[in-house]
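Novice: This is the structure, below, for whatever I ask next.
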Amino acid sequence: MMVSPALRCLSSPPFLFFCCLLLLQLPFCRSIYCDEDDCYDLLGVSQSANASEIKKAYYKLSLKYHPDKNPDPESRKLFVKIANAYEILKDEATREQYDYAIAHPEEVFYNTARYYHAYYGHKTDPRAVLVGLLLVVSALQYLNQWSRYTQAVTMVKKTPAYKNRLKALELERSGGVTNKKKGLKQIDKKVEEKLSNELELHIQGAEKPSLWNLIGVQFVLLPYTLGKLLIWRSCWFWRYQIKKLPYSWDDACYLTRSCLKITSDAWRNIDESTKSNLVQKRLWVKRNMESYVAEMRKESKPLHLKDHLLILIRTMDLDLLTVELGSTQLILCRDHCRIRNIYTASIVGACWVSNLTI
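Here the sequence shown stands for residues -31 to -1, 1 to 327, numbered as in mature numbering (1 follows the signal peptide of the UniProt record, and there is no 0).
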């Protein structure tokens, strides 16, 4: 006898386990309101009772079971349940939720969510929630930045450029005298650690974490940032739109790198002659930008990604460029290129190290 796939699925152990779990959760819908009791039974009224009848029943029971009227410990416990049932049924919203939970006990998660929202939602201060959220997000952001930074530093320390700079620094500290047994091939780990602390790595794309860059701090400084931006925009409009003054060098550089979509850190790494040449082209004028793009396309030749990056290193006078593309880590120096695979899900982007000498 052949069993249909649907029947086979319904009789599978995971499905049966889920059904049993759901059946065990059904009484929970009512228990979140009045424990194991029925709120209506505790007050001695029917589910169709109106607000006046519920109020009268509560006052009648309170005269009998209130701790001031009845010192019996069991009466005290019963009165707590009666008071809780009255709090639920006297409010139309919570009573409607309770009635819905009784009528639809299978909707466990929905009924539970409505209960906690009704009882704790209005008691939660939105400001406290916002502060807590900013703290959590900032902590995660800091940990992520620190992980990326340490990973990038470890990666850079394995490159020949860094090792050569370390050896040169050791020679400088020792006055050119080296250990003949070790030579330049091996550096004592303690000496290497001491020299590494003297080398300063500036890595763009995986910078050392800073508290000023955290979302929480940026949110606190948002009024100051917006005010500063408004003043800058106003001065720009007055200076160049109203008075028609010529652009200053800094503002011309800002317009140029904005047109070329170059970051401020990358712009600082460009030599002054190249900067001056680009600024003189007045690329913020649409016609000049179109001419520049056409000229670059005409002069450009099909190159591989590695060739483009090597040209970028020479143009920006960098000693090392490290790029992560998916699971491939590309490490380029001025005179060679090396590729090795790594296992990481994060994309660091472009890491610029501008103070290493090969």
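Where is the CB? At the ideal position from N, CA and C, for every residue including glycine.
#1: Find out if the Cβ-Cβ distance for the pair Glu261, Lys244 is shorter than 8 Å.
#2: If you draw a straight line from the alpha carbon of Gln210 to that of Pro192, how long is it in whole angstroms?
#3: Ignore the nearest five residues each way along the sequence and tell me which others in Leu32's own chain have a CB closer than 7 Å to its CB.
#4: What number of angstroms, rounded off, separates the C-alpha of Pro36 from the C-alpha of Ser17?
#5: Among residues of its own chain, excluding the 5 on either side of Leu294, which ones have a beta-carbon nearer than 7 Å to its beta-carbon?
#6: On a CA-only basis, which of Asn257, Tyr9, Val254, Leu198 is nearest Tyr67? Give me that one, please.
#7: Please return the same chain residues whose Cβ sits closer than 8 Å to the Cβ of Gly185, not counting the five positions on each side in sequence.
#8: Go through its chain and collect everything with a Cβ distance to Cys222's Cβ below 8 Å, but skip five positions before and after it.
#9: I'd like to check one pair, Ile1 with Tyr69: are the Cβ atoms closer than 8 Å?
#10: Hey, quick one: how far does the alpha helix (DSSP H) through Arg237 stretch, first residue to last?
#11: Quick check: does the Cβ of Thr128 come within less than 7 Å of any heavy atom belonging to the ligand ATP?
#12: Three-state secondary structure (DSSP) at Ala18?
#13: Can you give me the C-alpha to C-alpha distance between Asp220 and Glu264, rounded to a whole angstrom?
#14: Determine, using beta carbons only, whether Tyr28 and Ile51 come nearer to each other than 8 Å.
#15: Buried or exposed: Ile200, going by 16 or more other Cβ atoms within 10 Å of its Cβ?
#16: Considering only residues of the same chain and omitting the five flanking positions on each side of Trp253, which have a CB-CB separation below 6 Å?
#17: Can you tell me whether Ala97 is buried or exposed? The criterion is at least 16 other CB atoms within 10 Å of its CB, across all chains shown.
#18: Given this structure, state the Cα-to-Cα distance separating Asn80 from Glu65, to the nearest angstrom.
#19: Measuring CB to CB, does Leu12 end up less than 8 Å from Ala26?
#20: I'd like to know whether the C-beta atoms of Pro40 and Tyr111 end up nearer to each other than 8 Å.
#21: Distance, Cα to Cα, Ala62 vs Arg45?
#22: For Ala54, count the other beta carbons within 10 Å of its own beta carbon; 16 or more makes it buried, fewer makes it exposed. Which is it?
#23: For the alpha helix (DSSP H) containing Val254, list its first residue and its last residue.
Specialist: By the coordinates alone:
#1: Along the sequence shown, one-based indexing puts residue 261 at 292. Along the sequence shown, one-based indexing puts residue 244 at 275. A quick correction: the sequence has Tyr, not Glu, at residue 261. Result no, Cβ atoms of Tyr261 and Lys244 do not sit closer than 8 Å.
#2: Here residue 210 corresponds to residue number 241 of the sequence shown, with the count starting at 1. Here residue 192 corresponds to residue number 223 of the sequence shown, with the count starting at 1. Spanning the two alpha carbons is a distance of roughly 26 Å.
#3: As a position in the sequence shown, residue 32 is number 63, starting the count at 1. The residues are Lys38.
#4: What you label residue 36 is simply residue 67 of the sequence shown in a count that begins at 1. What you label residue 17 is simply residue 48 of the sequence shown in a count that begins at 1. Approximately 29 Å, taken between the alpha carbons.
#5: Sequence index remark: in the sequence shown, residue 294 carries index 325 (1-based). Unreliable placement is indicated for Leu294, whose pLDDT of 45 sits below 50; the coordinate value is still reported in the next sentence. Nothing meets the Cβ criterion.
#6: Walking along the sequence shown from the start, residue 67 turns up at place 98. Of Asn257, Tyr9, Val254, Leu198, the residue nearest in Cα terms is Tyr9.
#7: Here residue 185 is taken as the residue at index 216 of the sequence shown, counted from 1. Hits under 8 Å: Leu103, Leu104, Val106, Ser107.
#8: Position 253 of the sequence shown, counted from the start, is the residue given in the question as residue 222. For Cys222, where only same-chain residues beyond five positions count, the Cβ hits under 8 Å are Trp236, Lys244, Val248.
#9: For the purposes of this step, residue 69 is taken as residue 100 along the sequence shown, with counting starting at 1. For the purposes of this step, residue 1 is taken as residue 32 along the sequence shown, with counting starting at 1. Taking 8 Å as the Cβ cut-off, Tyr69 and Ile1 do not qualify as a contacting pair.
#10: In the sequence shown, the residue the question calls residue 237 occupies position 268. Taken as a continuous stretch (DSSP letters only), the alpha helix (DSSP H) holding Arg237 covers 233 to 237.
#11: No copy of the ligand ATP appears in this structure; indeed no ligand is present at all.
#12: For this step, residue 18 is matched to residue 49 along the sequence shown. Three-state result, Ala18: coil.
#13: Walking along the sequence shown from the start, residue 220 turns up at place 251. Walking along the sequence shown from the start, residue 264 turns up at place 295. Their Cα atoms are separated by approximately 25 Å.
#14: The residue labelled residue 28 in the question sits at position 59 within the sequence shown. The residue labelled residue 51 in the question sits at position 82 within the sequence shown. No, the pair does not count as a contact, with Cβ atoms beyond the cut-off.
#15: Mapped onto the sequence shown, residue 200 falls at position 231. It counts as exposed.
#16: Here residue 253 is taken as the residue at index 284 of the sequence shown, counted from 1. Cβ neighbours of Trp253 beyond the five flanking positions: Leu224, Cys228.
#17: Reading the sequence shown from its first residue, position 128 is the one you call residue 97. Classification of Ala97: exposed, given that the 10 Å Cβ count is below 16.
#18: Translated into positions along the sequence shown, residue 80 becomes position 111. Translated into positions along the sequence shown, residue 65 becomes position 96. Rounded to the nearest angstrom, the two C-alpha atoms are 11 Å apart.
#19: Residue numbering aside, residue 12 sits at position 43 when the sequence shown is read from its first letter. Residue numbering aside, residue 26 sits at position 57 when the sequence shown is read from its first letter. Yes; because the gap between Cβ atoms is below 8 Å, this pair is in contact.
#20: By 1-based counting over the sequence shown, the position of residue 40 is 71. By 1-based counting over the sequence shown, the position of residue 111 is 142. For Pro40 and Tyr111, no; Cβs fall outside 8 Å.
#21: Stepping through the sequence shown from its first residue, residue 62 is reached at position 93. Stepping through the sequence shown from its first residue, residue 45 is reached at position 76. Roughly 27 Å separates the two Cα atoms.
#22: By 1-based counting over the sequence shown, the position of residue 54 is 85. With 16 or more Cβ atoms within 10 Å of its Cβ, Ala54 is classed as buried.
#23: Taking the first residue of the sequence shown as position 1, residue 254 is located at position 285. Val254 -> no alpha helix (DSSP H), and no H or E assigned at all.
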